[in-house]
Amino acid sequence: MTQVLLNLVVNALDAMPYGGHLHLAARMTDDRQCPLEVAIGDSGCGIRPELRERIFEPFVTTKEHGTGLGLAISAQIVRQHGGDITVESQAGVGSTFMVRLPVSKPGG
Numbered sequence: 003m004t005q006v007l008l009n010l011v012v013n014a015l016d017a018m019p020y021g022g023h024l025h026l027a028a029r030m031t032d033d034r035q036c037p038l039e040v041a042i043g044d045s046g047c048g049i050r051p052e053l054r055e056r057i058f059e060p061f062v063t064t065k066e067h068g069t070g071l072g073l074a075i076s077a078q079i080v081r082q083h084g085g086d087i088t089v090e091s092q093a094g095v096g097s098t099f100m101v102r103l104p105v106s107k108p109g110g
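Position one of the sequence shown corresponds to residue 3 (my numbering), numbered consecutively onward.
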């Protein structure tokens, strides 16, 4: 999960080359399957709608020197942990990636 958070934070910072706001938050929700929700948001340029649909596919990138693997790998890691990852984005406002994960009880 460290790699997932690192990928999302680096992407958020890359989306704001001239500065901006990075938002990190974690909370517990009422969702029984994936109650832990982690949000990483930025005030960057946002993600175009046509790209948003494919953003977690391998080799999809908007970066000049990007590989397009960071979000694909992140999504795979999250799914392997029984969770899911989504993105909300608005042009000119920024993007927020939401990671939802199950939690286990101590000793369980």
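Every residue gets a Cβ at the ideal spot worked out from N, C-alpha and C, and that includes glycine.
Pull up the distance between the alpha-carbon of residue i and that of residue j, whole angstroms please.
{"i": "G21", "j": "T69", "result": "23 Å"}
{"i": "G46", "j": "L15", "result": "8 Å"}
{"i": "M3", "j": "V11", "result": "12 Å"}
{"i": "P37", "j": "N13", "result": "24 Å"}
{"i": "F112", "j": "H83", "result": "Given that the chain is displayed from residue 3 to residue 110, the structure contains no residue 112 and the question cannot be resolved."}
{"i": "N9", "j": "V80", "result": "12 Å"}
{"i": "E55", "j": "S91", "result": "11 Å"}
{"i": "L53", "j": "L7", "result": "21 Å"}
{"i": "A28", "j": "H67", "result": "31 Å"}
{"i": "I57", "j": "V89", "result": "9 Å"}
{"i": "A17", "j": "M30", "result": "27 Å"}
Across which residues does DSSP place residue i in a beta bridge pair?
{"i": "D86", "result": "R102"}
{"i": "Q92", "result": "G96"}
{"i": "I57", "result": "Bridge partners of I57: none, in fact."}
{"i": "H25", "result": "G43"}
{"i": "L38", "result": "M30, L103"}
Terminal residues of the continuous alpha helix (DSSP H) containing residue i?
{"i": "V12", "result": "4-16"}
Taking Cβ to Cβ, would you say residue i is nearer than 7 Å to residue j?
{"i": "G48", "j": "G85", "result": "no"}
{"i": "I87", "j": "V105", "result": "no"}
Open item on the list: Using a Cβ distance threshold of 8 Å, determine whether the segment 26-46 contacts the segment 75-83, with at least three qualifying pairs required.
Closed with: no
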